[in-house]
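Accompanying notes for the structure given below.
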Amino acid sequence: KGLNTHMSAFSVLSPNADLRVKHDRYNLCFSINLDGHQDSAVLRYKFTSKKEVDLLSTYVPESFRGKGVADLLQKCVLLCFIYIYTQILFSNLNLTIQVN
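Heads up, the sequence shown is in full-length UniProt numbering, so the first residue is 1 and it goes up one at a time.
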């Protein structure tokens with residue numbers, strides 16, 4: 001069975017390099033393809049409820065450790081879920097505005 005490939009991408013400029021973080025919503029992970037390396041940096045997560053996400057694991061190839069790659073993945077995860085949660089809140093918000 002092939003992998004589901006519904007991806008969204010974030011272009012992120014880090015101090016060291018221009019890295020693209022990919023979000024795979026079906027396989028519940030964020031990843032960065034690292035130039036010149038076969039492995040990707042990957043952060044896996046799962047939903048524990050509608051409003052709660054558990055970050056399960058982070059893998060960064062050894063030659064890229066200590067260079068902020070895992071930190072970049074975690075920041076993108078937080079920004080992504082803050083955005084998603086904000087959209088859910090506002091889409092469920094019913095506003096009544098009276099103008100006098």
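C-beta atoms are modelled at their ideal positions from N, C-alpha and C, and glycine is treated no differently.
Other residues of its chain near residue i: CB distance less than 6 Å, five sequence neighbours each side excluded
i   : result
Y83 : none
L13 : Reliability of the predicted coordinates at L13 is poor, the pLDDT of 47 falling under 50, and no value is obtained from them.
V42 : C29, S31, Y59
H37 : P61
F64 : L34
L79 : none
Beta-carbon contacts of residue i that lie in its chain and below 7 Å, excluding the five residues immediately before and after
i   : result
L28 : R44, Y45, K46
T48 : D54
Host beta strand (DSSP E) of residue i (start-end)
i   : result
N33 : 29-33
R44 : 40-49
V53 : 52-59
C-beta atoms of residue i and residue j nearer than 9 Å
i   : j   : result
V53 : F81 : yes
Y26 : K51 : no
Selected residue, minimal CA-CA separation from residue i, among the options
i   : options            : result
S40 : T48, S49, A70, L79 : A70
K75 : T86, L55, K51, Y26 : L55
S57 : G66, K50, V77      : V77
Proximity test, residue i beta-carbon vs the ligand FAD heavy atom, cut-off 8 Å
i   : result
S31 : In the structure shown, the ligand FAD is absent, as is every other ligand, since no ligand is present at all.
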